[in-house]
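According to my numbering, the sequence shown is numbered sequentially starting from 57.
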Amino acid sequence: MKLILASKSPRRIQLLEEMGYEFEIRTRSVKECFDDRSSSNKNAVRLAKEKAVAQRDALKEDEVILTADTIVDGGKMLGKPRTKEEAKQMLRTLSGSTHRVVTGVYIGSFLTHVQFSVETIVHFKPLTEVEVNHYTNTKEPYDKAGAYGINGYAALFIDRIEGDYYNVVGLPLSRVYKELQTFGIVPTWAQDE
57 MKLILASKSP RRIQLLEEMG YEFEIRTRSV KECFDDRSSS NKNAVRLAKE
107 KAVAQRDALK EDEVILTADT IVDGGKMLGK PRTKEEAKQM LRTLSGSTHR
157 VVTGVYIGSF LTHVQFSVET IVHFKPLTEV EVNHYTNTKE PYDKAGAYGI
207 NGYAALFIDR IEGDYYNVVG LPLSRVYKEL QTFGIVPTWA QDE
């Protein structure tokens, strides 16, 4: 079986490469909008599934698709900021508070699929305006849910987390590894020689 990653996320690509997976990247544009009547968990899984459905007609019988969507929820669901002001507002909202990072994952083949969400609790330190202004002057916040990346400058803003660190980065690796095995997808280091 061949793994297809339906994501342009540099972090997801890097994580899978570092874990030893061989995969092809295929992306199609999917409008990411939240249903305020549903939970962040349901929204994340729905968006991940929509990304997979957008690829369905190109999927071959020997391929397994992996998609994911990450949402930051601090009382309000936060996606990726579109502007500098929106990024600043998101960071001010998260400052000194606790929020949830939810990643919805969809893994599927022609015959079957699995979908799930993983949640991590993140405790943010109080941020100064200097920190908010400096951070939003970098490129980091603009392609990340909640306007921050835990594996970059924003690591300085985090007091502690409860749960899977890699989930906050964008892909809950331990669970993804387990589920991919059920589809016969393993890292190159685990393949029979």
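Here a beta-carbon is modelled for each residue, glycine too, at the ideal position from N, C-alpha and C.
The alpha helix (DSSP H) that contains V86, what's its start and end?
Here residue 86 is taken as the residue at index 30 of the sequence shown, counted from 1. Careful: V86 lies outside any alpha helix (DSSP H) and carries neither H nor E.
Quick one, which of S165, T159, V188 and I69 has its alpha-carbon nearest S151's?
As a first step, residue 151 must be located in the sequence shown, where it is residue number 95. When each option's Cα is compared against that of S151, the closest is V188.
Please state whether DSSP places F166 in a helix, a strand or coil.
Against the sequence shown, residue 166 aligns to sequence position 110. F166 falls in the coil class under three-state DSSP.
Using the Cα positions of V120 and P182, report the straight-line distance between them to the nearest angstrom.
Position 64 of the sequence shown holds residue 120. Position 126 of the sequence shown holds residue 182. Cα-Cα distance, rounded: 42 Å.
Look up S173 in the DSSP assignment and give the residues it is bridged to.
The residue given as residue 173 occupies position 117 in the sequence shown. Beta-bridge pairing links S173 to G160.
Quick check: what's the CA-CA separation for V225 versus K116?
Here residue 225 refers to the residue found at position 169 of the sequence shown. Here residue 116 refers to the residue found at position 60 of the sequence shown. Each residue's alpha carbon lies about 29 Å from the other.
Count the other C-beta atoms from every protein chain shown that fall within 10 angstroms of the C-beta of F166, then say buried if there are 16 or more, exposed otherwise.
Stepping through the sequence shown from its first residue, residue 166 is reached at position 110. Counting Cβ neighbours within 10 Å, F166 comes out exposed, since fewer than 16 surround it.
Just to check my reading of the structure: A124 and V161 have Cβ atoms closer than 8 Å, yes? What is that Cβ distance to the nearest angstrom?
By 1-based counting over the sequence shown, the position of residue 124 is 68. By 1-based counting over the sequence shown, the position of residue 161 is 105. About 5 Å separates the two Cβ atoms, so the contact holds.
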